[in-house]
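A.B. asks: My structure is below; once you've seen it, I'll send some questions.
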Amino acid sequence: MAVHPNKNIKRVEIILNITNLGKTYNSAGKTLTVLDNINFTVNAGSTNAIVGPSGSGKTTLLGLCAGLDRSSTGIVELNGINLGDLNEDKRAQVRNQYVGFIFQNFQLLPTLTALENVMVPLELRGEKNIKARAMDLLDKVGLTDRGHHYPAQLSGGEQQRVSLARAFSNQPKILFADEPTGNLDFETSEKVVKLIFDLNREAGTTLVLVTHDLELAAKTQRIIRIKGGKLVADDHTNVIA
Amino acid sequence: MKKTKFAGCFFIMLLLYACGGKSSSGNTDQAATKTDTAQASNKKTILFFGDSLTAGYGLDDPSDAFPGVIQRKIDSAKLPYTVINAGVSGETTAGGLGRIDWILKQKVDVFILELGANDGLRGIPVKSTAQNLQAIVDKVRAKYPDAKLVMLGMQVPPSMGGDYVNGFKDVFPKVAAANKMALVPFLLDGVGGNPKLNQADGIHPTAEGAKIVAGNVWKVLKGEL
Amino acid sequence: MDTTPINYKRKLNIPWLFEMAWRDSRRNRSRLFLFVSSIIFGIAALVAIYSFGFNLKNDVDSQAATLIGADLAISDNKPIEASMQSLIDSLGDRRSEERNFASMIYFPKNKGTRLVQVRALKGDFPYYGSLETTPLQAGKDFRNGKKALVDQTLMLQFDAKVNDSIKVGKITFLIAGILNKAPGQSGIQAGIAPIVYIPLQYLPQTGLMQKGSRISYNFYYKFDKAVNMDKLVKKLDPRLEKAGMNYDTINIRKENTGRSFGDLTRFLSLVGFIALLLGCVGVASAIHIYVREKIASIAIMRCLGVKAYEAFLIYLIQIASIGLIGSIIGAALGSFVQHILPLVFKDFLPISISTDISWMAIGQGVVLGVIISILFALLPLIAIRNISPLNTLRISYEQVNLLRDPLRWFVYVMILGFIVVFTFLQLDSWLGSVFFTIGILIAFLILTLIAKLLMYLVKLFMQSSWSYLWRQGFANLYRPNNQTIILIVSIGLSTAFICTLFFIQSLLVKQVSISASGNQANMILFDIQTSQEKGVAALARQHHLPVLQQVPVVNTRIAKINGKTEADVKKDTTLRFSPHTFANEYRVTYRDSLTPTEKITDGEWVGHAPKLGDVPISVEDRFAKHNHLKVGDKIEFNVQGIPVSTKIASIRVVNWTKMQTNFLVVFPKGVLDDAPQFHVLLTRVPSKPASASFQQAAVKQFPNVSIIDLGLVLSVLDDLLDKLGDIIRFMAMFSIITGMVVLIASVRISKYQRLQESVLLRTMGASRKQILAITAIEYFFLGALSAATGILIALAGSWLLAKYSFEIPFNADLLPALLLFLAIAILTIVIGLFNSRGILNKPPLEILRRDV
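Chains as they are written, first to last, in our numbering: chain U, 86 to 326; chain W, 2 to 226; chain Y, -17 to 834.
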């Protein structure tokens, strides 16, 4: 956990620290290595893209970074917390506290309205004034009057915007997005991407997105390339100092 | 546990199996179980021809029935007689008549007739009982003219109603007199109606009661021996 | 940048859990209803069967109560001892006293006398049923004056009319009415003689109560509040026993009446048990599929930071609530059904069944519904804790195995424990409940095994050369997301239950109809002498009465068993014969064939005695066991003085429940034919006038022959036994139908399993016919295989039940079983096809939108 003896000194904070990360699956007696010795760090407030061909392990990497799964080897440190030390329930708490998610297929709770979907992370934290805040977020994603619709009644773009509102509702330190535009048409994608980046900037959230859409990746400050479970390139050229 | 049983009457035993009851454990004659000894030792034979009272229904040891007691009396008096118990539970006079030929295959010196109680309890007309008794006596007389005959008198409970009770009671002295038989006026004298001397069914004497019954018979019988 | 420290021990926000549970239930209510419907039908079946059975039991009990007419009867054949008087006077809330005895009564009008059973009565007896008389009020009024009730047959025999008089002892009574039916009769006691009721207050004046009179003293008690009679008599037993008194209760009478009541009770327990299991099947299969569908939502929640046990609790709350609501609706439906059905089937129902709402059954149903919901939901729910949030990124069915949690063993134990406890409540025997539960467990395992085997074999043998439709249909049986195990288990178990009920039902009905009247004898003539045998039979035929049985009876006694005499047995205690074996008298018969109610279990029946050697006899099974006799043992009988050596040639089982002459020992023809004997003749008189005229003629011609007319006795009992058969049949049908409904519901919930795929196929252009064919193939295999397995399980189960629980011979009707198999197989296909109907009739997109 980072401590700041002197707040006046501007320091680059490391929100995500990946060390020697590896993930293997055992299936039918064979060991399948999905990720192998990955190392990188992510600065707070930065925008990052993990790119790579299908099956390269990028989604697995995202899952591990976000604490959705346990690594086989190596360390994932999120906001200074070693996720490997935590059990699933504690990781859930960490997610609730620091992490936002956007999924390729939106993953809204189908039985909850758009508004309720946005409210869930806040409710979990036991916060006050939840409804107003959730409405506010829906406002920001332009769905003011769709709050009482169920996901099935919304279009893909709308659903993704709801999930965006949900992702930002707990004011996460880091936002993970898994192919956020994968299921959307071009125009909708544009809108959603713009929203993601706008909200991100506004909240000062760190963004890690997984995509094979290079155009989208190009919008980030940094591109991490994965191939066959290995980190093949870490392109900081996009960094804006 | 004791559940209601209706083993009240002499002839109930038949019904118990007729109706599917399991305990068809009647108790009948020891007819001629001692025949062999009787003939072997050249003793004379006393034949008790009767129903469950003779057979010793309900007694743990059928030899505790009154004919058995009398055998003991004879033995202790060292008289040369052997008792044959030919009692069948539930036997009526009609049944006795049907059976008499079979029984008379053996030599009889003293014939003691103890039948009729079941007729009385079943309300069989007095006339019919008298006729059957007479027929039995006739058959004995025909086969063994020298045999001595003893009639054991019976009564039915007063609850059967005055006319019938009296008519029934009179059958035995009448038949006895007509055939010049010795008569025990009432076999169960001193026993009938006394719960202590009867089994739970209220009709059949206990071993204790059977001794008194034997006494009643012995009074008359000893004169005939 | 700062971080707020994480409080890992977040407080459980219970209201929020409830809210989530509520929210989650709102969407797709129609779909939820489908799940709930299984619970509803399961519980409705349970409640309907319970309340129905409950009312039925009460009704049958109250009818059985008319057999004795009071809650408790105490009798003594001697005047009550002073020490017992206070006890006799303290029991019950209402009391009646009766003295009865045999007496010759006199009909002054035609100067006839006849042996009757006089019953002198004081009090309001009977408390159940009534003295059925003509005229009606005579049954009550006769108690007020010097009046008598006279048995109908007796009236006919003596051509007596109401208001004539009869003389009992010294008193003349006015005949107030004809007695048609009276409770409190025991077969034998009542059969001895026709009954005449008089008021007790006139008994002393008759002069019949004297020393030496044989009077039995009876006391009848009614308890206004419910009292456990079994417990009461158990307490009283030692005192009554000591005083030489007998007692009788409704339960004892039922026990003695034969096995039919016991069979009914056991059958109702079985039905209750099966209803419960049907409820379980319905609920369990619904919940199982329901939770499976919730995996995605749970994964998302986990992703958003919902803890494992929070997710578990949300769904536990939801399912408990759904279970509660479903159970309440089910209970209401069940009560409604049990209320309506008897009205609808009024004409078919054997007895008027009260349609009281049984709160007991409703309460039981609701509580059970919730318990079952939770128990069976626990199995998939504990696995919720293991659903990885990773499922949001890639849904992998292989990874989400709902049945891989060590805690599941705990749940299994709970479920088994629940079934055992519940079964115990039904059966009142731990051993029985354990066996029942093990039976269910085995059935469950067999079905699971069959399902696995099917999946394995289909996978193994599937040929790529088969047409696409066949391949797709078969593949559906083993592919991920298959419903093979759940459906085979639920269809198989339902079939097994339905079929078991059917088998047992028909066995019992057969059994009861043997015991019930039909063409059973209701009149016994005995003490017929050999010379009268033909005459009596001829007289019966002359009166158009059938000679149902005519058997000779010979009195014998056992002299030796295997060479040992009574004296030997008394001396040598190692010989296992009771001395009573020798003290007892045996009434045997001889004939050349077995009767239909006899069956040889060991050895060989011999109908004719050989010229030389030991006489081959047949011995009754229980008698043989009791005396340790076996085939080949030698018994020397003493047939009134003549020794007869015999050898046990066979052991027989005898159905004692049938009204007929049965014998412990049967001789072959050719040995006892000339022995002293009398004959028993059994006939059936169709009516009381017929009985009266035949008795009149018989008594006149054969005065020594005794006649027992069981008509009065049997009519009360027969009515009841006749009805028992119908009740069992009705109850079984009722349960079978509810079983079918549960089965339909369980198959119906599989609707959504195939929805996505069918839509996909449809989208890709599959024709209606193709989709139907694929569905039909899948459901046919599921239905046929599980029905066949279920029926086989039912056969085994019924055999065990028949042998060990009901103790009746088992023989299965295979045709109905075959029909049941076809019905269930077809039903499964039809529901399967019906399930995909929605997909075929609407545009794919609409379905996806609506039902996701």
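Don't be surprised by glycine CBs; every beta carbon is placed ideally from N, CA and C. For clarity, every value in this text was computed on a predicted model and none was experimentally measured.
Going along the chain, which residues of the segment 199 to 210 of chain U sit with their C-beta nearer than 7 Å to a C-beta in chain Y?
C.D. replies: Answer in chain order: 201, 205, 206, 208 and 209.
A.B. asks: Using a beta-carbon distance below 8 Å, is residue 396 (chain Y) in contact with chain U?
C.D. replies: Not one chain U Cβ lies under 8 Å of residue 396 (chain Y).
A.B. asks: Rounded C-beta distance between residue 100 (chain Y) and residue 124 (chain Y)? I'm assuming under 8 Å.
C.D. replies: So it is not a contact: roughly 13 Å between Cβ atoms.
A.B. asks: With a cut-off of 8 Å on the beta carbons, I'd call residue 15 (chain Y) and residue 299 (chain Y) a contact; round off their distance for me.
C.D. replies: So it is not a contact: roughly 19 Å between Cβ atoms.
A.B. asks: Identify the continuous beta strand (DSSP E) that holds residue 58 (chain W) and give its terminal residues.
C.D. replies: First-last for residue 58 (chain W): undefined, no H or E at that position.
A.B. asks: Whose C-alpha, out of U:150, U:222, U:247 and U:270, is nearest the C-alpha of residue 104 (chain U)?
C.D. replies: The shortest Cα separation from residue 104 (chain U) among U:150, U:222, U:247 and U:270 belongs to U:150.
A.B. asks: Could you check whether the segment 232 to 239 of chain U touches the segment 191 to 199 of chain U, counting it as contact only if at least three pairs of C-beta atoms, one from each stretch, sit closer than 8 Å?
C.D. replies: The segment 232 to 239 of chain U vs the segment 191 to 199 of chain U: in contact.
A.B. asks: Mind listing, in chain order, the continuous beta strand (DSSP E) runs of no fewer than 3 residues lying wholly within the segment 172 to 221 of chain Y?
C.D. replies: Runs of the beta strand (DSSP E) inside the segment 172 to 221 of chain Y: 177 to 181 and 198 to 204.
A.B. asks: Tell me the DSSP bridge mates of residue 320 (chain U)?
C.D. replies: Answer is U:308, bridged to residue 320 (chain U).
A.B. asks: So what does residue 99 (chain Y) bridge to, in DSSP terms?
C.D. replies: According to DSSP, residue 99 (chain Y) bridges with Y:84 and Y:177.
A.B. asks: Could you tell me the alpha carbon to alpha carbon distance between residue 142 (chain Y) and residue 673 (chain Y), rounded to whole angstroms?
C.D. replies: Each residue's Cα considered, the two are about 15 Å apart.
A.B. asks: In chain Y, what lies closer than 7 Å to residue 186 (chain U) by C-beta?
C.D. replies: Here the neighbours are 285.
A.B. asks: By alpha-carbon positions, which one of Y:636, Y:722, Y:458 and Y:478 ends up nearest to residue 759 (chain Y)?
C.D. replies: The option with the nearest alpha carbon to residue 759 (chain Y) is Y:458.
A.B. asks: Are residue 363 (chain Y) and residue 297 (chain Y) touching if we call contact CB-CB under 8 Å?
C.D. replies: It is a contact, given that the beta carbons lie within the stated cut-off.
A.B. asks: Let me know the secondary structure DSSP gives residue 67 (chain W) once reduced to three states.
C.D. replies: If DSSP states are grouped into helix, strand and coil, residue 67 (chain W) belongs with the helices.
A.B. asks: Establish whether the CB of residue 512 (chain Y) and some CB of chain W are separated by less than 8 Å.
C.D. replies: It does; some Cβ of chain W falls within 8 Å.
A.B. asks: Report the rounded CA-to-CA distance for residue 243 (chain U) versus residue 227 (chain U), giving the unit in angstroms.
C.D. replies: Going by the C-alpha atoms only, they are around 9 Å apart.
A.B. asks: How would you write the range of the alpha helix (DSSP H) that residue 152 (chain W) sits in, first residue to last?
C.D. replies: Careful: residue 152 (chain W) lies outside any alpha helix (DSSP H), inside the beta strand (DSSP E) at 149 to 153.
A.B. asks: Hey, would you say residue 663 (chain Y) sits closer than 8 Å to residue 535 (chain Y), going by beta carbons?
C.D. replies: Their beta carbons are not under 8 Å apart, which means residue 663 (chain Y) does not touch residue 535 (chain Y) by this criterion.
A.B. asks: Can residue 541 (chain Y) and residue 63 (chain W) be called in contact, C-beta distance under 8 Å?
C.D. replies: It is not a contact, given that the beta carbons lie outside the stated cut-off.
A.B. asks: Between residue 837 (chain Y) and residue 139 (chain Y), is the Cβ-Cβ spacing less than 8 Å?
C.D. replies: Past the edges of chain Y, shown from -17 to 834, lies residue 837 (chain Y), and the structure says nothing about it.
A.B. asks: Using DSSP with H/G/I as helix, E/B as strand and the rest coil, what is residue 789 (chain Y)?
C.D. replies: Three-state result, residue 789 (chain Y): coil.
A.B. asks: Nearest chain Y C-beta to residue 197 (chain U) closer than 8 Å, yes or no?
C.D. replies: Chain Y contact via Cβ: present.
A.B. asks: Is it buried or exposed for residue 64 (chain Y), if we count other Cβ within 10 angstroms and need 16 for buried?
C.D. replies: Flag for residue 64 (chain Y) reads exposed.
A.B. asks: Using beta-carbon positions only, say whether residue 620 (chain Y) and residue 563 (chain Y) come within less than 8 Å of one another.
C.D. replies: No, the pair does not count as a contact, with Cβ atoms beyond the cut-off.
A.B. asks: For residue 816 (chain Y) and residue 753 (chain Y), I'd like the C-alpha separation in whole angstroms.
C.D. replies: Whole-angstrom Cα-Cα distance: 12 Å.
A.B. asks: Could you check whether the segment 87 to 96 of chain W touches the segment 119 to 135 of chain W, counting it as contact only if at least three pairs of C-beta atoms, one from each stretch, sit closer than 8 Å?
C.D. replies: Yes: at least three Cβ pairs fall under 8 Å.
A.B. asks: Once the 5 residues before and after residue 157 (chain Y) are set aside, which same chain residues still bring their CB inside 7 Å of it?
C.D. replies: Here the set comprises 130, 132, 142, 144, 145, 146, 147 and 148.
A.B. asks: Going by DSSP in three states, residue 3 (chain W) sits in which element: helix, strand or coil?
C.D. replies: Residue confidence is low: residue 3 (chain W) scores 32 on pLDDT, short of 50, so the model does not pin down where it sits. No coordinate-derived value is stated.
A.B. asks: Below 9 Å on C-beta distance, what does residue 96 (chain Y) contact in chain W?
C.D. replies: The answer, in chain order, is 124.
A.B. asks: Provide the residue(s) that pair with residue 507 (chain Y) in DSSP beta bridges, ordered along the chain.
C.D. replies: The partner list for residue 507 (chain Y) (beta bridge, DSSP) reads Y:663 and Y:689.
A.B. asks: With C-beta atoms as the reference, is residue 278 (chain Y) less than 8 Å away from residue 358 (chain Y)?
C.D. replies: For residue 278 (chain Y) and residue 358 (chain Y), no; Cβs fall outside 8 Å.
A.B. asks: Where does residue 207 (chain Y) land, buried or exposed, given buried means 16+ other C-beta within 10 angstroms?
C.D. replies: Exposed is the call here.
A.B. asks: Can you look up residue 128 (chain U) in the DSSP assignment and give me helix, strand or coil?
C.D. replies: If DSSP states are grouped into helix, strand and coil, residue 128 (chain U) belongs with the strands.
A.B. asks: Who are the neighbours of residue 87 (chain Y) on chain W, taking C-beta pairs under 9 Å?
C.D. replies: Those are 162, listed as they occur along chain W.
A.B. asks: Three or more C-beta pairs under 8 Å: does that hold for the segment 90 to 109 of chain Y against the segment 43 to 60 of chain Y?
C.D. replies: Cβ pair count under 8 Å is three or more, so yes.
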